[in-house]
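Notes follow the structure.
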Amino acid sequence: MPTSAELRARARQSLQGQWGRSALIMLVLYLIGAALERATVIGPIVLHLCGGATAVGIYGFYLQVSRGRRPQIAVLLDGFHDFVRSLILYFLIMIFTLLWTLLFIVPGIIAALRYSQSYFILKDNPDLTALEALRRSKAMMQGNKWRLFVLFLTFIGWFLLSIVTLGIGMLWVYPYVTTTIAHFYDDLRHRGAEPSYASPPPHPGSF
109 MPTSAELRAR ARQSLQGQWG RSALIMLVLY LIGAALERAT VIGPIVLHLC GGATAVGIYG
169 FYLQVSRGRR PQIAVLLDGF HDFVRSLILY FLIMIFTLLW TLLFIVPGII AALRYSQSYF
229 ILKDNPDLTA LEALRRSKAM MQGNKWRLFV LFLTFIGWFL LSIVTLGIGM LWVYPYVTTT
289 IAHFYDDLRH RGAEPSYASP PPHPGSF
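With the working numbering, the residue at position 81 of the sequence shown is 189, and numbering never jumps.
This is the structure we're talking about:
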């Protein structure tokens with residue numbers, strides 16, 4: 109089982125020769141998001157409606173990067189070709205995480221970790237429904253949530269550095285984090301943590 113340091117090293121290796129384009133992509137996405145946020149009431153609504161498609165595109169892009177590829181920029185739009193599933197998954201994650209957060213902050217964090225692999229799973233499995241992707245993420249993260257939490261903690265220094273640079277550092281930190289989490293996902297998948305669902309899926313109320 110690779111350590112956090114090993115996963116980060118894999119991500120840095122995957123991003124070699126792609127740091128510049130990754131930062132540029134993040135800058136463009138940030139500018140589009142900032143423009144929508146400052147728009148009329150419609151802007152924030154559009155942001156939410158496109159949240160799932162955008163997430164699927166970004167996760168899919170850096171999943172390819174983590175697998176040694178140099179994806180085309182068009183990959184970022186893949187979520188819009190699968191808009192309905194992406195939108196449903198986005199709202200399911202938001203609702204379930206919010207409901208757990210209402211109980212207390214810790215259950216909310218656990219829920220976020222539980223569903224953290226959903227977008228990768230949705231991208232890798234075009235036949236799955238959004239709900240099934242959520243269930244697979246839950247199964248995959250069973251016994252692995254603490255490991256992912258510790259992995260996130262190792263980026264605290266980078267996040268602090270981004271604050272010092274007035275957020276500019278996030279143009280590089282976000283691709284670094286996302287690619288690292290993509291390696292984390294692939295490690296779990298290769299170790300058989302993702303269920304095939306040959307057997308009946310979990311009960312709908314088991315979230």
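Where a beta carbon is used, it is the ideal one built from N, C-alpha and C, also for glycine. Just so it is clear, the structure is predicted and the values come from calculations on it, not from any experiment.
What's the call for Ser122, buried or exposed, on a 16-neighbour Cβ count within 10 Å?
For the purposes of this step, residue 122 is taken as residue 14 along the sequence shown, with counting starting at 1. By the Cβ neighbour-count rule, Ser122 is buried, with 16 or more other Cβ atoms within 10 Å of its own.
Please report the residue range of the alpha helix (DSSP H) in which Asp295 lies.
Within the sequence shown, residue 295 is the residue found at index 187, counting from 1. Note, Asp295: alpha helix (DSSP H), 278 to 298.
Suppose you measure from the CA of Val192 to the CA of Asp186; what does that come to, to the nearest Å?
Here residue 192 refers to the residue found at position 84 when the sequence shown is read from its first residue. Here residue 186 refers to the residue found at position 78 when the sequence shown is read from its first residue. Going by the C-alpha atoms only, they are around 12 angstroms apart.
With a threshold of 6 angstroms on Cβ separation, who are the neighbours of Trp280 within its own chain once the five nearest residues in sequence on each side are excluded?
Residue mapping note: residue 280 aligns to position 172 of the sequence shown, counting from 1. Result list for Trp280: Ala131, in chain order.
I need the boundaries of the alpha helix (DSSP H) containing Tyr167, first residue and last residue.
The residue you call residue 167 lines up with position 59 of the sequence shown. First-last of the alpha helix (DSSP H) with Tyr167: 159 to 174.
Residues near Leu155 in its chain [Cβ-Cβ closer than 8 angstroms; skip 5 each side]
Position 47 of the sequence shown holds residue 155. Gly141, Leu144, Glu145, listed in sequence order.
Using the Cβ count rule (16 or more neighbours within 10 Å means buried), how would you classify Ala160?
For the purposes of this step, residue 160 is taken as residue 52 along the sequence shown, with counting starting at 1. At residue 160 the sequence reads Gly, which differs from the Ala that was named. By the neighbour-count definition (other C-beta atoms within 10 Å, threshold 16), Gly160 is a buried residue.
So, using beta-carbon positions, are Ile229 and Met248 closer together than 9 angstroms?
Here residue 229 refers to the residue found at position 121 of the sequence shown. Here residue 248 refers to the residue found at position 140 of the sequence shown. Using a Cβ distance threshold of 9 angstroms, Ile229 and Met248 count as a contacting pair.
So which of Gly265, Leu200, Thr273, Leu221 has the shortest CA-CA distance to Ala238?
Taking the first residue of the sequence shown as 1, we reach residue 238 at position 130. It is Leu200 whose Cα lies nearest to the Cα of Ala238.
Could you say which of Gly168, His298, Arg299, Leu184 lies nearest to Leu137 if we only look at CA atoms?
The residue you call residue 137 lines up with position 29 of the sequence shown. In terms of Cα proximity to Leu137, the closest of Gly168, His298, Arg299, Leu184 is Leu184.
For Ala119 and Leu210, I'd like the C-alpha separation in whole angstroms.
Residue 119 sits at position 11 when you count from the first residue of the sequence shown. Residue 210 sits at position 102 when you count from the first residue of the sequence shown. Rounded to the nearest angstrom, the two C-alpha atoms are 34 angstroms apart.
Whole-angstrom distance between Thr286 and Tyr198, CA atom to CA atom:
Taking the first residue of the sequence shown as 1, we reach residue 198 at position 90. Taking the first residue of the sequence shown as 1, we reach residue 286 at position 178. In a straight line, the C-alpha of Tyr198 is about 17 angstroms away from that of Thr286.
Nearest neighbour of Glu114, chosen from His298, Arg299, Ile289 [CA to CA]:
In the sequence shown, residue 114 corresponds to position 6, counting from 1. Among His298, Arg299, Ile289, the Cα nearest to that of Glu114 is on Ile289.
Taking C-beta to C-beta, are Leu171 and Leu221 nearer than 9 angstroms?
Within the sequence shown, residue 171 is the residue found at index 63, counting from 1. Within the sequence shown, residue 221 is the residue found at index 113, counting from 1. Going by C-beta atoms, Leu171 is not nearer than 9 angstroms to Leu221.
Can you tell me the Cα-Cα spacing of Pro110 and Ala147, whole angstroms?
The residue you call residue 110 lines up with position 2 of the sequence shown. The residue you call residue 147 lines up with position 39 of the sequence shown. Pro110 and Ala147 have their C-alpha atoms some 44 angstroms from each other.
Between the alpha carbons of Leu258 and Pro215, how many angstroms are there, rounded?
Here residue 258 refers to the residue found at position 150 of the sequence shown. Here residue 215 refers to the residue found at position 107 of the sequence shown. Correcting the residue type first, residue 258 is Val in the shown sequence and not Leu. Inter-residue distance for Val258 and Pro215 is about 16 angstroms (C-alpha atoms, whole angstroms).
With DSSP as the reference, label Gly251 as helix, strand or coil.
On the sequence shown, position 143 is the one that residue 251 refers to. Correct three-state label for Gly251: coil.
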